[in-house]
Amino acid sequence: MRSLLALLLLLSCSLPALAEVRASLDRYTMTAADMLTLTLEATDQLEQRPDLTALESDFRVLSSRKVIISSHSSASRAVRTRWELQLRSRSTGKLRIPPLRLGDQLSQAIEIEVTGNLSPVRNRDSLFMDSLLSQDQVYSHAQLLYTARVFHTEALPESARFQPPQLPEALVIALTEPRSYETDRGGESWQITEQTFALFPSSEGLHTLRGARLVLAEDTNADTGEIALAPAESFEIEVLPQAHQSQRGYWLPAERLTFEERTPLPDSLQPGETFVREISLTALGLPADALPALFVAELDSAFARTEDVSLTEAATPQGLVSTRTERVLIEPLGEGGLALPAIDIHWWNTLSDRGQILTLPGRQLDINIAALPPAMDTSVPPARDTASLNGPSRILIAGLGLMSIISSLGWLYSWHQLRQLRNRDKAASQEVQAAQAEQLHRSHQQAERNTFQALAIACQQNDAGSTQQRLIDWGQQFWIDHQVHSLTSLCEAAGSQALDFLILDLEHHLRHEPARWQGDLLLEALETMRRRRLRNASEPSVDSREQDLLMVS
């Protein structure tokens, strides 16, 4: 007997616990025009949908929504599955919601009273929503793909549209237009209408993603106006912090990254000639404004400035494809070799979950000075002596004397011509160096004016994001003796406490409230600093011009 009791106890402990299903309503008395919310909750995590066949005789199912609820404690983790069903009655009077099957258990029956007159509405018995999610863990500012799907047996009205999903502090972009196709499900033919969205969360931690909603517009003579189907599911999304940060201070979580040299580089150049280098960076799974500046290196033997920066975005079913293209004007300053250094982009591969470095290889260009034309032969042929001498002695002496005189004159003439040629070469070299120094000075002035004009426009438009990039571009031209690649290095080059406070205010608004930033104070401070610099440099001294010539040489 004791052995039998022990065996029964062991079997009861080994059997899996069945999920208990509880049913509840948001009201127990309603009119025929009201919508009723029925909640089914199981004390376990269930994947299958509830069997709603028993409801079809008295109610229409307008939408269904699945929610997974989890609670953690130090000892255990509890999971519950909740289904929220929106119903509309087919008749009036006392109606009964029968027991519904969810998993292996049945809910209890519930009675409800419906009053009033029924409104003629379109039949939506075979219409429900579902959704797909790429992952439930995503890095901050990385891409999360969400696809909303509607299963229906009849064609949707043309006015049907999806409302985007909602995730706290996330950028939401529609990747595709709604598309429809047919599929077989449970032996029945269904039409599916779906749309894909990309979400880029910025707030770390655990958040709830509320699915998209489908809005259906009723006929104009109906009393219900619009009906919005609730999302199929809500998801718990964990937004992970940045895995690392590059030396330049950016964070690039992407699925794919490619570097491209768009224009062929010249094989050889001469000092003073210019060429344009066009490079682009393309990323899958990032918005375009997250891509960093590409050309940040200082060239020792050339003048370089960024002429144009273009950002493009293309929405695809696989995600958002963004491209940053930069056009850089480069002018060699002297002969020899011009080394274009390699460009390294540190990024985080979200598919393999590891950091990688994408490199655009460096290039070496030849800078040659054009060969001078060969010098003209200025030697004077010796003149012939046409005089006739009577004696051999006199002829010999006269010939030797004449040859000595002609040789001396030729040497003096050659020495004079050589001295003039050297003076002309020295003067021409000084003119070339002075012209190159003047051209370099004008190029710096033009680049500074162009970048400051773009910066002023960004400040006047109160565009915090654009102002940040334009400020760095202008700083590279204004403080050419410093390496300005970030706002921190710009503050170090400026050495102004007032500018430090204004840039701290800009960075604060970029992180929290970029739309509320005002750029008038920053623009006023920069204009004052620029006027002071330009006033001091309005009359360049001889020493500064000599320094420019030395730099060119």
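Under the numbering used here, the letters of the sequence shown match residues 202 to 754, in that order. Where a beta carbon is used, it is the ideal one built from N, C-alpha and C, also for glycine.
Counting only residues of its own chain and dropping the five nearest sequence neighbours on each side, residue 715 has a CB closer than 8 Å to the CB of 665, 666. Partner residues in the beta bridge of residue 372, as assigned by DSSP, are 401. When DSSP assignments are scanned along the region 241-288, the uninterrupted stretches of beta strand (DSSP E) that are 3 or more residues long and fall wholly within it turn out to be 260-273. Short of 7 Å from the beta carbon of residue 475, and not among the five residues preceding or following it, lie these beta carbons of its own chain, in chain order: 530, 531, 532.
Here the alpha carbons of residue 605 and residue 596 stand approximately 14 Å from one another. For residue 460, the pairing in a beta bridge is given by DSSP as 482. With respect to the 9 Å criterion, residue 484 and residue 377 are not classified as neighbours on the basis of their beta carbons. Judged by their CB atoms, residue 694 and residue 685 are nearer to each other than the 9 Å cut-off. Contact check for residue 340 against residue 493 fails: the beta carbons are separated by 9 Å or more.
Taking a contact as a CB-CB distance under 8 Å, the pair residue 292 and residue 224 does not count as one, their CB atoms being some 20 Å apart.
The beta carbons of residue 368 and residue 269 sit about 16 Å from each other, so the pair does not count as a contact at 8 Å. For the pair residue 221 and residue 237, the Cα-to-Cα distance works out to about 23 Å.
For residue 614, the three-state secondary structure derived from DSSP is helix. DSSP, read as helix, strand or coil, puts residue 497 in coil. By a beta-carbon distance limit of 8 Å, residue 410 contacts residue 366. Their separation comes to about 6 Å. Burial state of residue 382 is exposed, judged by a 10 Å Cβ sphere holding fewer than 16 other Cβ atoms.
DSSP, read as helix, strand or coil, puts residue 736 in helix. The beta carbon of residue 561 is closer than 7 Å to those of 460, 462, 480, 543, 544 in its chain, skipping five residues each way along the sequence. The residue from 649, 457, 449 with its alpha-carbon nearest to that of residue 554 is 457. Judged by DSSP in its simplified three-state form, residue 300 adopts coil rather than helix or strand.
Across the structure, residue 526 and residue 504 are spaced so that their CA atoms are roughly 20 Å apart. Excluding residues up to 5 positions away in sequence, 493, 686, 687 lie with their Cβ nearer than 7 Å to the Cβ of residue 449 in the same chain. Between residue 287 and residue 349 the beta-carbon gap is near 17 Å, outside 8 Å, which marks them as no contact. Between the C-alpha atoms of residue 392 and residue 352 there is a straight-line separation of about 6 Å. For residue 665, the enclosing alpha helix (DSSP H) starts and ends at 665-679. By the C-beta density criterion, residue 638 is buried, having at least 16 other C-beta atoms within 10 angstroms. Take residue 252, set aside five residues on each side of it, and the residues of its chain with a beta-carbon closer than 8 Å to its own are 301, 302, 303, in chain order.
Residue 655 sits close to residue 671, with the two beta carbons spaced by under 9 Å. Scanning the region 507-557 for uninterrupted alpha helix (DSSP H) segments of 4 residues or longer gives nothing; none is fully contained. Just so you know, the alpha carbons of residue 502 and residue 650 end up roughly 23 Å apart. Residue 594 carries a helical assignment under DSSP once its states are collapsed to helix, strand and coil. Comparing alpha carbon positions, the residue from 660, 646, 711 closest to residue 680 is 646. Distance check between residue 497 and each of 248, 677, 706, 722 places 677 closest, using alpha-carbon atoms only. Contact between residue 669 and residue 724 is absent: CB atoms are separated by about 14 Å, not below the 8 Å threshold.
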